[in-house]
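Peer 1:
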Amino acid sequence: MGKKRLGELLVETGLLTEENLTRALTEQRSKRGKLGEVIVTLGIATEEEIAQMLSIQLGIPYVELKQTPVEPHAIELISEKVARKHLILPISLEQKDLHLAMADPMSFEAFEDVRFASGYTIKPVIATRTDILWGIDQHYHLGSSLNTIVKDIAEERSVEVVQDGKEGDGRDTDDLRKKSEAAPIIRMVNLIVAEAVDQGASDIHVEPTKSNLLIRNRVDGVLRKSLELPKWVQGAVISRVKIMAKMDIAEKRLPQDGRIGVRVGSKALDLRVSTMPTSYGEKVVVRILDSANSHIPLEQMGMPPEALAQMEVLVRRPQGIVLVTGPTGSGKTTTLYSILHRVRSVERNITTVEDPIEYELAGVNQVAIQDKIGMTFASTLRAMLRQDPDIIMLGEMRDLETTTIAMQAALTGHQVFSTMHTNSSTATITRMRNLGVPSYLIASTVNGVVAQRLVRVICQKCRVKYEPSEYDLSKIGAGRKRGDAVFYRGEGCVACDGTGYRGRTGLFEILPFTQQVRDMVASDASETDIRQSAIAGGMVTLARAALDKVKAGVTTLDELYRVVETEEDFGTTCPQCNAALGSGFVMCPACGHSLQATCASCQKIVSPAWKFCPYCRCDFKAPASGRSFA
Numbered sequence: 002m003g004k005k006r007l008g009e010l011l012v013e014t015g016l017l018t019e020e021n022l023t024r025a026l027t028e029q030r031s032k033r034g035k036l037g038e039v040i041v042t043l044g045i046a047t048e049e050e051i052a053q054m055l056s057i058q059l060g061i062p063y064v065e066l067k068q069t070p071v072e073p074h075a076i077e078l079i080s081e082k083v084a085r086k087h088l089i090l091p092i093s094l095e096q097k098d099l100h101l102a103m104a105d106p107m108s109f110e111a112f113e114d115v116r117f118a119s120g121y122t123i124k125p126v127i128a129t130r131t132d133i134l135w136g137i138d139q140h141y142h143l144g145s146s147l148n149t150i151v152k153d154i155a156e157e158r159s160v161e162v163v164q165d166g167k168e169g170d171g172r173d174t175d176d177l178r179k180k181s182e183a184a185p186i187i188r189m190v191n192l193i194v195a196e197a198v199d200q201g202a203s204d205i206h207v208e209p210t211k212s213n214l215l216i217r218n219r220v221d222g223v224l225r226k227s228l229e230l231p232k233w234v235q236g237a238v239i240s241r242v243k244i245m246a247k248m249d250i251a252e253k254r255l256p257q258d259g260r261i262g263v264r265v266g267s268k269a270l271d272l273r274v275s276t277m278p279t280s281y282g283e284k285v286v287v288r289i290l291d292s293a294n295s296h297i298p299l300e301q302m303g304m305p306p307e308a309l310a311q312m313e314v315l316v317r318r319p320q321g322i323v324l325v326t327g328p329t330g331s332g333k334t335t336t337l338y339s340i341l342h343r344v345r346s347v348e349r350n351i352t353t354v355e356d357p358i359e360y361e362l363a364g365v366n367q368v369a370i371q372d373k374i375g376m377t378f379a380s381t382l383r384a385m386l387r388q389d390p391d392i393i394m395l396g397e398m399r400d401l402e403t404t405t406i407a408m409q410a411a412l413t414g415h416q417v418f419s420t421m422h423t424n425s426s427t428a429t430i431t432r433m434r435n436l437g438v439p440s441y442l443i444a445s446t447v448n449g450v451v452a453q454r455l456v457r458v459i460c461q462k463c464r465v466k467y468e469p470s471e472y473d474l475s476k477i478g479a480g481r482k483r484g485d486a487v488f489y490r491g492e493g494c495v496a497c498d499g500t501g502y503r504g505r506t507g508l509f510e511i512l513p514f515t516q517q518v519r520d521m522v523a524s525d526a527s528e529t530d531i532r533q534s535a536i537a538g539g540m541v542t543l544a545r546a547a548l549d550k551v552k553a554g555v556t557t558l559d560e561l562y563r564v565v566e567t568e569e570d571f572g573t574t575c576p577q578c579n580a581a582l583g584s585g586f587v588m589c590p591a592c593g594h595s596l597q598a599t600c601a602s603c604q605k606i607v608s609p610a611w612k613f614c615p616y617c618r619c620d621f622k623a624p625a626s627g628r629s630f631a
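Its first residue numbered 2, the sequence shown is counted upward by one per residue in this note's numbering.
1) Compare the Cα-Cα distances from Leu474 to each of Ile351, Asn424, Gln453, Lys552 and report the closest residue.
2) Use the C-beta contact count for Tyr360: other C-beta atoms within 10 angstroms, 16 or more gives buried, fewer gives exposed.
3) Got a sec: is the Cβ-Cβ distance from Met312 to anything in chain B below 9 Å?
4) Which of the three DSSP states, helix, strand or coil, is assigned to Ser635?
5) How big is the Cα-Cα spacing for Thr69 and Leu88?
6) Mapping DSSP to helix, strand and coil, what is Glu568?
7) Secondary structure at Val190, three-state DSSP: helix, strand or coil?
8) With a Cβ-Cβ cutoff of 9 Å, do Ile297 and Thr335 count as a contact?
9) Kindly list the residues whose CB is nearer than 6 Å to the CB of Val323, restricted to its own chain and excluding five residues on each side of it in sequence; keep chain order.
10) Could you tell me the alpha carbon to alpha carbon distance between Met54 and Gln29, rounded to whole angstroms?
11) Mapping DSSP to helix, strand and coil, what is Leu366?
12) Quick check on the DSSP output: the beta strand (DSSP E) that includes Lys124 runs from which residue to which?
13) Leaving out five residues before and five after Tyr281 in sequence, what residues of the same chain have Cβ atoms less than 7 Å from its Cβ?
14) Might you give, ordered along the chain, the residues of its own chain that have their beta carbon closer than 6 Å to the beta carbon of Val438, omitting 5 neighbours on each side?
15) Check this for me: beta carbons of Asp258 and Ser292, under 9 Å apart or not?
16) Since Asp98 and Lys124 are thought to touch, with beta carbons under 8 Å apart, how far apart are those beta carbons, to the nearest angstrom?
17) In three-state terms, what does DSSP make of Phe488?
18) Which residue spans inside the segment 515-565 form an unbroken alpha helix (DSSP H) run of at least 4?
19) Please name the residue in Leu596, Ala496, Gly538 whose C-alpha comes closest to that of Ile511.
20) Compute the Euclidean distance between the alpha carbons of Cys592 and Leu299, then round it to the nearest angstrom.
21) Specify the secondary structure class of Asn424 as computed by DSSP and reduced to three states.
22) Within a Cβ cutoff of 7 Å, which residues of the same chain sit near Tyr616, ignoring the five residues on either side of it in sequence?
23) Spatial neighbours of Ser56 within its chain, please: CB distance less than 8 Å, with the 5 preceding and 5 following residues excluded, ordered by chain position.
24) Look at the alpha carbon of Lys253 and the alpha carbon of Phe117, and state the distance between them as a whole number of angstroms.
25) List the endpoints of the continuous alpha helix (DSSP H) containing Thr403.
26) With a threshold of 7 Å on Cβ separation, who are the neighbours of Val163 within its own chain once the five nearest residues in sequence on each side are excluded?
27) With DSSP as the reference, label Met385 as helix, strand or coil.
28) Quick one: using the 10 Å Cβ neighbour count with 16 as the cut-off for buried, is Glu229 buried or exposed?
29) If you check the beta carbons only, do Val194 and Lys243 fall under 9 Å apart?
30) Along the chain, where does the beta strand (DSSP E) that runs through Met245 open and close?
Now the structure itself:
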C-alpha cells in the first residue's frame, strides 16, 4: 500500500524520461508483457537496473547470483523443470524458510508450486532473468559446471574417508548428500585436502569472502593462499565438508565441531573440523593431525646438546611436574608426546588426559575429557589417581582445581607432564601464583619449566648470504665493523613454494628448579629476580636461543623478530671484548668495561652526546677510561 509504481520510480531516479516511459507503456499494452521486460527489450534500461528498482518498489532484497552461495540441499527441493517454468532458483534453507531467487516475485503461481513441492515457507529475493537462467544451468548440472574448475585435478589425488556417514541425526540425509557428493565436488574437496597434506599444512581455512571462496593453508605456522574458488560453489564445498565431518548441514547459525578420518595416499590422518558463522557464510577450519608428528624424537626438535641434556635430567626424575609453556601453535603437545615416547616402558603405567586426543600412542592409556557430561580435567584427573598411574600427562593446567590436583599427584610420588600458556619460563611461576597456588607448593613440586617457540628453517635449496640493515643489526647488538657473523636467507624456489623457508625447528628456554630457584620461589621472589638469577646460572633465554639459530644459519632475523616477543631483550655485545650481554647490564661481566656514561663529578648517568652535565654543570672533555666524562 502506498508504494510507487515501477515506472514512476524509474523516472524519479533518472533511469527513464517521461517520453521513454510513455513509449514503454504503449509497447507494453500492445504486447501484453511486463513493463520491466519491455523496457529491457527497448534498450532503455538494463536488467540489473530494473531488478534494483523492483527491489525498492516491493521491499524485497536484490541479489547477484554469481556472488551468492547456493546450498545443494536447497536445490534438491525443487525440480529443474519447475525452476525453469517460473524462473526461480532455490538458494538456502533456514529452519522452515526457503530463500528463493525470483525474476518475478509477484507470481502467485510460482509461490504455490514451490510451497507445494517443498513444504517450506517462501522467502523471496529478486534476481535478474539472465542470472537465474545461469544459476539453473550451474546448480542443476553441478557436475559439468565444476568440471571446468577441477578438470586438471589428477584422479589419483583422492582422499579416502574412513567411516564416513551420518549417525544419530534422526533424519534421512541421502537426498541432502546428492549434490554435495557429486563427483566434481568430491574431487574439489579432495584437492583441497590433498594439497594441504602435500604442503605439510597444519590447518586448512575455507573462508567465504564477499566475492569468492578463499582457501588458505597454514604451512610452517604461516597462512598461504592455496585456491580461490567462485562464490557460487561455496554452498556445495562447505556442505561436503560438513557431511564428511558428520555435522548438521542444515544448521548454519551456530558453531559446530566434527572430525573426519581420512587416508591420503599411504598416510592415515585425523581431521578436526570447526565451523563458525560469519558475515559472508560459514567459515570452516580443518586441523590436520598427522600421527607421524607424535613420533618426533627430542633429538630432532632443534635442541642444542646442553638443552637436550637438561631435558634428559628433567624427564628422568621419579616424581614432580615438568611444564611446557608457550602460545598456541608453539609445539607444546608435540614436545609432550616426544617426552612420553622417551619415558614409556612396559614397567610403567602412563595415562594422559587430553582435550581432545590428538595422536594415538601405543602403550599409553589416553582419556578425552567431555565437559558436556561433567568429565572435566579436574574430575578426570581425580579419578585417574585411583588407577595406579606412574606417569600422568595432562593436556593443560588451566584452573586452580586442576593445578592443585596435579601438584598433589606430584607430591604423592607421581611424575606429571603438562602445559600452560605463558610467554617465558619464569612467567609460568607468576601464572601459577595468580591462579592461587601457594609459592611453597610450586617450589616443592615443579622440577622444571620449558618455554618454547617454533621458527621456520631457511630452505637449503635456495639459501644465500645477505647483509642485514643497520637497524636490524643494532636490534641484536651486532655491527658490521666486526664482521664476525654471516647471515642467510632463502631466495625462494619451487621446493619452498617461493617462501624461502622449509620446515620448522624449536627454540627452548629451560628453567630447571635448582635449590636456589626453589628457595627464591618459596620466598615469593619476583619474576624479574628469578629470571636474572636463572640467567646468571646459565639459562639460555628464548631470544638468545633464536639468535644462536640465526648465527648458525638455521633461520633468519625476520623470523626471529616474528616469533620472539618484541619486548624480550635479544641482548647486546660488549664493544670492548664482544662478549654477550644481557638486559640491564651496566658493566661487561667478562672484561669490566662500563656500558653507561657517567659524569666524573657527580657520577650520574649522562648521554655521550652532551657537552655539559645537567646535574652539576660539569664541563665535559674527552671521555676518560671507563666512559666517565670530565
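For glycine and all other residues, C-beta sits at the position ideal for the given N, C-alpha and C. This structure is a prediction, so every number in the text was calculated from the model and none was measured.
Peer 2: According to the data block:
1) Cα-wise, what sits closest to Leu474 is Lys552.
2) Classification for Tyr360: buried.
3) No chain B appears in the structure shown, which is made up of a single protein chain.
4) Any answer about residue 635 is impossible in this case: the structure gives the chain only from 2 up to 631.
5) Approximately 17 Å between the Cα atoms of the pair.
6) With a pLDDT of 45 at Glu568, under the threshold of 50, the predicted position of this residue should be treated as unreliable, and no value is reported.
7) If DSSP states are grouped into helix, strand and coil, Val190 belongs with the helices.
8) In this structure, Thr335 lies closer than 9 Å to Ile297 by Cβ.
9) Correct list, in chain order: Leu315, Phe418, Asn448, Gly449.
10) Going by the C-alpha atoms only, they are around 18 Å apart.
11) Here the sequence assigns Asn to residue 366, which means Leu is not the residue at that position. The three-state secondary structure of Asn366, taken from DSSP, is strand.
12) That run of the beta strand (DSSP E) goes 122-127.
13) So the list reads Pro209, Thr210, Lys211, once near-sequence residues are dropped.
14) Answer for Val438: Thr404, listed in chain order.
15) 9 Å or more divides the Cβ of Asp258 from the Cβ of Ser292.
16) Confirmed, about 5 Å.
17) It is a strand residue.
18) You should have 516-523, 528-537, 543-552, 558-564.
19) Comparing Cα positions, the closest option is Gly538.
20) If I take the Cα positions, the gap works out to 37 Å.
21) DSSP places Asn424 in coil when its eight states are reduced to three.
22) The answer, listed in chain order, is Cys600, Cys603, Lys605.
23) Cβ within range, chain order: Pro62, Tyr63, Ile127.
24) Rounded to the nearest angstrom, the gap between the Cα atoms of Lys253 and Phe117 is 25 Å.
25) Residues 401-412.
26) So the list reads Gly262, Val263, Arg264, once near-sequence residues are dropped.
27) Looking at Met385 - three-state DSSP - the assignment turns out to be helix.
28) Classification of Glu229: exposed, given that the 10 Å Cβ count is below 16.
29) In this structure, Val194 keeps its C-beta atom at 9 Å or more from the C-beta atom of Lys243.
30) Counting along the chain, Met245 falls outside any beta strand (DSSP E), though it belongs to the alpha helix (DSSP H) covering 235-245.
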